[in-house]
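Visitor:
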Amino acid sequence: MHIDRFERYWIIIIAAVLGAFFAALVAGAVIFGIRLPSTPDSFINPLGLSETEFANPGIYPSLTEDNVYDAYIVARMWRFDIGSDEKDELGNDIIRLPVGARVNIYVTSADVTHGFLIERHNVNVQIIPGHVGQTTVVFREPGTYRLLCHEYCGRGHQQMHSTFIIEEE
Ligand SMILES: [Cu+2]
């Protein structure tokens, strides 16, 4: 079969571009751990959170593993309830954890759709009332990281954030 010289070049270029896209997809999934949003892990009645594991929001150390925590977080207009006694000047929770902490996050909303993003970490969850969002974060570097609501949720949205302070042991 005869293929014209320029047509052959174009076939090679297109094959190379498709190969680069596929390599980026594989690298994103394998190296950077990027996953598509999946269906929620469980459903919950947003009006009856007081009868669920979200009745007492907080960060609870794992009973079996060192420096592993389970976090139950309720987003509501316009704050994240993480059960911390330490607050910033706006009344938002401040969480202190040791460096290397692995946190299994369970988050739900008591009212409207919120966002859940921890800066400089691979955490970006949409919080939908009635759904339980689940993700895991490992704080490898000491520092101060904000947790932000990044979905517009009403007139107090811009003050809806919390702070993780990761400390050297
Ligand atoms: Cu918001």
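In the numbering used here, the protein residues as written are 134 to 302. Built from N, CA and C at the ideal position, the CB exists for glycine as well. Just so it is clear, the structure is predicted and the values come from calculations on it, not from any experiment.
1. What I want to know is whether the C-beta of Y193 ends up closer than 7 Å to one or more non-hydrogen atoms of ligand 2.
2. Measuring from the CB of H294, is there a heavy atom of ligand 1 at a distance below 7 Å?
3. According to DSSP, simplified to helix, strand and coil, what is A188?
4. Can you say whether H247 is buried or exposed, counting buried as having 16 or more other CB atoms within 10 angstroms of its CB?
5. With distances taken between CB atoms, is the gap from P194 to Y202 smaller than 8 Å?
6. Would the beta-carbon of E274 be found less than 7 Å away from any heavy atom of ligand 1?
7. Run through the DSSP bridge pairs and tell me what Y239 is partnered with.
8. Quick one: is the Cβ of G266 within less than 7 Å of any heavy atom of ligand 1?
9. Distance, Cα to Cα, F176 vs D218?
10. Does Y285 come out as helix, strand or coil in the three-state DSSP assignment?
11. For a test of the three-state rule: what should DSSP assign to L196, helix, strand or coil?
12. Tell me, which residues are paired with N257 by DSSP?
13. Below 8 Å, how does it come out for the region 270-280 and the region 225-235: are there three or more Cβ pairs, yes or no?
Guide: Inspection of the coordinates gives the following:
1. No copy of ligand 2 occurs in the structure displayed; its ligands are ligand 1 alone.
2. Locating residue 294 in the sequence shown gives position 161, where the first residue counts as 1. For H294, the Cβ stays outside the 7 Å cut-off from all heavy atoms of ligand 1.
3. Locating residue 188 in the sequence shown gives position 55, counting from the first residue. If DSSP states are grouped into helix, strand and coil, A188 belongs with coil.
4. Numbered from 1 along the sequence shown, position 114 holds the residue referred to as residue 247. Around the beta-carbon of H247, 16 or more other beta-carbon atoms lie within 10 Å, marking it buried.
5. The residue given as residue 194 occupies position 61 in the sequence shown. The residue given as residue 202 occupies position 69 in the sequence shown. Between P194 and Y202, the C-beta spacing is below 8 Å.
6. Position 141 of the sequence shown, counting from 1, holds the residue named residue 274. It does not: the Cβ of E274 is nowhere closer than 7 Å to a heavy atom of ligand 1.
7. Numbered from its first residue, the sequence shown carries residue 239 at position 106. According to DSSP, which records beta bridges pairwise, Y239 is partnered with Y205, Q267.
8. As a position in the sequence shown, residue 266 is number 133, starting the count at 1. Remark: the shortest separation between the CB of G266 and any heavy atom of ligand 1 does not fall under 7 Å.
9. For the purposes of this step, residue 176 is taken as residue 43 along the sequence shown, with counting starting at 1. For the purposes of this step, residue 218 is taken as residue 85 along the sequence shown, with counting starting at 1. Each residue's Cα considered, the two are about 28 Å apart.
10. As a first step, residue 285 is located in the sequence shown; it is residue number 152 there, counting from the start. Three-state result, Y285: coil.
11. By 1-based counting over the sequence shown, the position of residue 196 is 63. Coil, per DSSP.
12. Counting from 1 along the sequence shown, the entry for residue 257 is found at position 124. Under DSSP, the beta-bridge partners assigned to N257 are L250.
13. In short, these stretches touch, since the Cβ pair count reaches three.
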